[in-house]
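Written out below as structure tokens is the structure these notes cover.
There are 4 protein chains.
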Amino acid sequence: MALGVALIGTGFMGKCHAMAWRNVATVFGGTPPRLQVLADAADAGAMAAQFGFQSGTDDWQAAVDDPAVDVVSITTPNALHRPMADAALRAGKHVWLEKPMSLTLADAQAMADLATAHPGQVTLLGYNYLRSPAFQAARDLIASGAIGRPRAFRGVYDEDYSADPDLPWSWRMTHAGGGLGALGDLGCHLVSVMIALMGPVAEVTALTDIAVPQRPSPDGPRQVENEDSALALIRFASGAQGSFATSRVAHGRKCRLQWEVHGSEGSLVFDQEHMNALWVHRAGEAGFTRHLTGPDQPDFAAFCPAPGHNFGFNEQKVVECRDLIRAIGGGTPCGPGFAEGLAIETIIHAMAASDGRAIRLEELAHEDA
Amino acid sequence: MALGVALIGTGFMGKCHAMAWRNVATVFGGTPPRLQVLADAADAGAMAAQFGFQSGTDDWQAAVDDPAVDVVSITTPNALHRPMADAALRAGKHVWLEKPMSLTLADAQAMADLATAHPGQVTLLGYNYLRSPAFQAARDLIASGAIGRPRAFRGVYDEDYSADPDLPWSWRMTHAGGGLGALGDLGCHLVSVMIALMGPVAEVTALTDIAVPQRPSPDGPRQVENEDSALALIRFASGAQGSFATSRVAHGRKCRLQWEVHGSEGSLVFDQEHMNALWVHRAGEAGFTRHLTGPDQPDFAAFCPAPGHNFGFNEQKVVECRDLIRAIGGGTPCGPGFAEGLAIETIIHAMAASDGRAIRLEELAHEDA
Amino acid sequence: MALGVALIGTGFMGKCHAMAWRNVATVFGGTPPRLQVLADAADAGAMAAQFGFQSGTDDWQAAVDDPAVDVVSITTPNALHRPMADAALRAGKHVWLEKPMSLTLADAQAMADLATAHPGQVTLLGYNYLRSPAFQAARDLIASGAIGRPRAFRGVYDEDYSADPDLPWSWRMTHAGGGLGALGDLGCHLVSVMIALMGPVAEVTALTDIAVPQRPSPDGPRQVENEDSALALIRFASGAQGSFATSRVAHGRKCRLQWEVHGSEGSLVFDQEHMNALWVHRAGEAGFTRHLTGPDQPDFAAFCPAPGHNFGFNEQKVVECRDLIRAIGGGTPCGPGFAEGLAIETIIHAMAASDGRAIRLEELAHEDA
Amino acid sequence: MALGVALIGTGFMGKCHAMAWRNVATVFGGTPPRLQVLADAADAGAMAAQFGFQSGTDDWQAAVDDPAVDVVSITTPNALHRPMADAALRAGKHVWLEKPMSLTLADAQAMADLATAHPGQVTLLGYNYLRSPAFQAARDLIASGAIGRPRAFRGVYDEDYSADPDLPWSWRMTHAGGGLGALGDLGCHLVSVMIALMGPVAEVTALTDIAVPQRPSPDGPRQVENEDSALALIRFASGAQGSFATSRVAHGRKCRLQWEVHGSEGSLVFDQEHMNALWVHRAGEAGFTRHLTGPDQPDFAAFCPAPGHNFGFNEQKVVECRDLIRAIGGGTPCGPGFAEGLAIETIIHAMAASDGRAIRLEELAHEDA
């Protein structure tokens, strides 16, 4: 039977979810979902028509409560994540939520607890970059032992959307409005990738920086509260070590989610700005091999049988949507759900709080308890 | 009022058309098309359900004739292009046809003539690579004079799908079954790009090669009839010159549609294997600048507001679909239609026939007349 | 016993020869050559001191005739090549000459004939790019069959030293003063590489262009006589085919000597602008492997035991010098000597004369005879 | 008057110094140095002949004391650096020493003190990578304000010379024999680059790892004592922050000295494996521009007038040699001398000792005092 879908939000990620819901069955087969209702503060009817939803509403609670709705896509600003996700879980719905879960770790904890209390409902967080064919191929290569034991990780996620010092102040730059800064926008993505490749984190030591402490506003200069950039050292539970860096003020970087894994028998290198190339080196080979995405990698073939033809950002979301549908259908578990999301956000909050002090993650878990 | 769509074929390009039809309004707005009927030789009902079409049929003629159908997407093997396109035009329908138009130039001519005889119906050929944001940005840069007068073109389109000498013989390797070889599969794409950037071609001189003259078949070795690769010198009507090369036996190349334009005041360089980077050099600058696709380029923003996040192959087709809808709606002309397609195919057939002899395109046109 | 060296010219290539002579024994061992005399039209004494030659003279004939001189390095403008090389050969000296041999094919023929008449004297032409470790590795890979039978060649050599339309007219742009244009400066290098990788050329068909027909001079605009760019189709004696392009007006290109070889079992790709990377693909591998230069490649280890540390342009000349010394010492033959140089120049002159007509090289040889 | 040179050592760096001494005047003009004496434990006479030195000796002290010697090049294993440098300084000679200065910080301190006590003698350490045209251009761009105020640094220096777990144990892997591990071999180079671009370091927090704790030896497995890799967070005195990583066990990396600087108005990116490209982005530009080395950059033109022709690793040393000669000649100061070298080594020793604890450099200086 077709899955009934409610979508809340029609911005960058709202449209991306809509495209995914519309194409998931076309790409992967199975019963196409029923696009039941779209909720947004304004123009919901027009957007519902554009996105192919049966109806639009400005009452998100009504959309969540609609008995024809099985799953809720939440793509609103971070401050609204908790009330909407809570409502959806309480209404018995599956939840597909954009990251980060919430503005504060306490909220994330409460959300994870609520999800745990509804074990029959699937939660999935929008960590897009886990779904690209190149990333999935990298994860599989490591799992297969192709590069031996992972010894070291180096990762950055840099963009430049706040690099201009004249960019006006916004509520997103406050703790109350935006939560964390670069760590919340970008850093959590890098953490999601890092732990998927390297396993759990045992300890972090981090520095943060506000590169532009004051920004112009109509009321004169105002203070930026959350970090423009962060750097961290990582000890993994496996004993491996890693370096970690993220910035929203790195001029010229657009989606520089770049990482490498050094294993005992090879290395992998990737850069999301060219998300269709995975660089692989195995001990004894003459150098790194550029592996373009293609049908020999996970999930690529469903989109295109021809290698080197380029997978796109939005298509990652179709894979994510397929994983969600499979999990709802009783099959394969998918993640990161809220529990794993809490682990990711615990790490970025530890980084934000570290100020050069080593923080052991298990102690933090105990403190929280 | 919603446009009624029939789709014929569910392979690589059939699915790609389906995704485009499903998402074009989500991405660009406007009334979503009505996915009326899907035709395929087998499993048409199941595929219609998967692709979200209202019905499926194994009778393509019926789909074309369906009065609720306004436009027909034709994605079948090349030998079927002419009968289907002819039928659709005669039934008063708009036609969206994958390239090349047909196996022979005579067929292409007849199709173009028929399209001319139905001036109120739009024809559009699936030259995907004309729709990527980087390509469109390149074309706009040249049109704006950013690199001065184009003096020279260098272009290749290489893949390796037939590189393995042990790849079995197939009917696609015959004139009767496949028409041209690399020129028909790949070369016509490169011609489409070349003339969009450089203007009309005046003369070509070409060599072709069959790198693997015989291939295994159940009946023993059989002859390959169409070219594995072709090389050409180009004289453009503008006086500029170009080099042109295409191969289906270039080991390691997956979608190497690589070109550069040398202008009197700068240069552009592009490679479809990294379709999200356009390299721009203007006289006086220190080197080439890598311009990642982003919302400052045509059509990117409708898919994603964030630069560097990667446009995908299939999304080119959504842009193409939007152009088709705009043209049908009475607005902007779009191309290449059948007349322009004939010009492209005239060029590749001239290359196939040249054997080192210079062929002037206008003479060819006269001969044809 | 130490080889006595005369060097004529102290410009770009003069200094490069001097560095090579000074370092060849340091790098490769053997008896250091004796830097006997440096000849230049002006400042010969000062330059001799700077370059470490025992004496300087403004009389190149005297340098050539000096009985202590065994070998003459000729690095003067092309119009002087023939008289100097002839004099050196007639004086019984070995000759190391920068390319091209001369302004006209007739001169090149005469020089080759004279060299043939002095079989005991080594001639070597300065085709630097044949001596880089990456190129040598490529040639060895092909020879070893690593990529199977070479089926196709694609090569360009583009620079932008004349790209600016306001660049003043110079005598180098005339037939009498400069001989060929881009073909003489750049194209001959590309031919040298092409035939070393692919074997002899059977036929060429070429176009040439003068992108900037008139250039400013103190006497008003003057005509440019030799080509700014050339394009060619190549038939190799082996049956393989190739495309060939060269330009001195390609904005942004600095030393874009880029080629690829498609073999029946793999491909090689190289770009002199990153001369320390050779890209290798063998059938069945996931993509191209970037092989950085290192001690596993020919001649690198003598300069540096550490891979990835970058070989430089000037160091190519040290390898060339070592090859010359070995040949003089009675050992390994080295090339291209004057006979091979004539073959190279026959090809570029055929390209210059082709104007779209196929020219068979053996016929040309017969015409010459 | 010509500078008298003694060279101690004929390995990787000994040959590199020899090439530099031989070519420095050829490249940059000035009086060629007099290559007086070469010292090595074995074959000194033969190596002196090969390298063009007047004599060879197995008595390095005699070479240092030779009254015809003005400057001593020391290229021996690290444990010999201090006695040789001390002897040279005490004998009144200038000293050109390969990095690091010594095995222990105490030795480095003593060497710096001795150099301070001989103010008329120049000391220079072999931090090659400071001399490449691309690096010098980067430093000049930052100094000129081209990218505004440097806000952040990311740097790695990875190689794979110890990546193979089966590589036998060696004395270089002990504190007594090799001093530090990756930090001493590679990390100090990265520090030299980092402080040249970003200014002084205020605080470091680091982790180190021994990826392969035991290695085979004829006597059975033996313990590796010094670090295979290190990671650090950096606080610069300017307030900027940086991340730092180095490894000798990074499979596939050959000379991956890769760094980027994020400024308030632009960014620079560099990778020593392609040392001829500097990537520059200024706010407002469409992306990063690849600036190939060329005569518009410092010191390139003296080697080659043609851009894009590739500077080599060994040529960095010729620039270093020129700087040394200029400093000795009473002119421009050059560095890093022993005092600056001590600062660099203080940083790597602080990293080695940190174990996750923040170490303020000025406190360390006080502790030392």
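Chains as they are written, first to last, in the UniProt record's numbering: chain A, 1 to 369; chain B, 1 to 369; chain C, 1 to 369; chain D, 1 to 369. We put the CB at the ideal spot given by N, CA and C, even for glycine. Remember, predicted model here, so these are calculated numbers, not experimental data.
Distance from residue 98 of chain C to residue 116 of chain C at the Cβ level is roughly 20 Å; contact not present, criterion being Cβ atoms closer than 8 Å. Under a 10 Å Cβ-count criterion, residue 12 of chain A is classified as exposed, with fewer than 16 other Cβ atoms of the shown protein chains found around its own Cβ. Residue 247 of chain C: member of the beta strand (DSSP E) spanning 241-247, first to last residue. Residues of the region 288-302 of chain B that bring their beta carbon within less than 7 Å of a beta carbon in chain A comprise 292, 294, in sequence order.
C-alpha of residue 54 of chain D to C-alpha of residue 262 of chain D: approximately 50 Å in a straight line. With contacts defined as CB atoms closer than 9 Å, residue 229 of chain B and residue 241 of chain C qualify as a contacting pair.
Per DSSP, the beta bridge partners of residue 153 of chain D are D/242, D/261. Under the DSSP assignment, residue 12 of chain C falls in the alpha helix (DSSP H) whose first and last residues are 12-28. In the three-state reduction of the DSSP assignment, residue 96 of chain A falls in the strand class, which pools E and B.
When secondary structure is reduced to three states using DSSP, residue 362 of chain D falls in the helix class.
Residue 158 of chain B sits in a strand when the DSSP states are folded into three classes.
Inclusion of residue 17 of chain C and residue 183 of chain C in the CB contact set at 9 Å is not warranted, their separation being larger than that value. Put simply, the region 83-95 of chain D touches the region 52-66 of chain D. At least three CB pairs are less than 8 Å apart. Burial check for residue 315 of chain A: the Cβ neighbour count within 10 Å reaches 16 or more, so the residue is buried. Rounded to whole angstroms, the Cβ separation of residue 289 of chain B and residue 286 of chain D is 6 Å, and the two are in contact under 8 Å. Excluding five sequence positions before and after residue 26 of chain B, the CB atoms of its chain that fall closer than 8 Å to its own CB belong to 32, given in chain order. Between residue 310 of chain B and residue 155 of chain A, the CB-CB gap reaches or exceeds 9 Å.
Close CB contacts of residue 205 of chain A within its chain, under the 8 Å cut and outside five residues either way in sequence, are with 232, 233, 354, 356, 357, 358, 359 (chain order). For residue 318 of chain B, the enclosing alpha helix (DSSP H) covers residues 313-328.
Ranked by Cα distance from residue 252 of chain B, the first of C/280, C/104, C/211 is C/280.
In this model, residue 256 of chain D and residue 158 of chain D are separated by some 5 Å (Cα to Cα). Bounds of any alpha helix (DSSP H) do not take in residue 131 of chain B, whose DSSP letter is neither H nor E. Membership of residue 354 of chain B in any beta strand (DSSP E) is not indicated; the residue belongs instead to the alpha helix (DSSP H) covering 338-354. Think of a sphere of 8 Å around the beta carbon of residue 306 of chain B: no beta carbon from chain D falls inside it, the nearest being about 15 Å out. The continuous alpha helix (DSSP H) containing residue 90 of chain C extends over residues 81-90.
The Cβ neighbour count for residue 293 of chain A, taken over all protein chains shown within 10 Å, is at least 16; the residue is labelled buried.
Using a CB distance cut-off of 9 Å, residue 29 of chain C counts as an interface residue toward chain D. Assigned with DSSP and collapsed to three states, residue 39 of chain D falls in strand. With a threshold of 9 Å between beta carbons, residue 201 of chain C makes no contact with chain B.
Proximity of chain D to residue 18 of chain C at the Cβ level (cut-off 8 Å) is accounted for by 26, in chain order. Linking residue 197 of chain C to residue 259 of chain C through their CA atoms gives a straight-line distance of about 10 Å.
Around the CB of residue 274 of chain A, 16 or more other CB atoms lie within 10 Å, so the residue is classed as buried. In this structure, the beta-carbon distance from residue 217 of chain B to residue 168 of chain B falls below 9 Å. Nearest neighbour of residue 112 of chain C by Cα position, chosen from C/341, C/173, C/351, turns out to be C/341. In the displayed model, residue 267 of chain B falls within a strand according to three-state DSSP. Residue 68 of chain A and residue 71 of chain B have their C-alpha atoms spaced approximately 34 Å apart.
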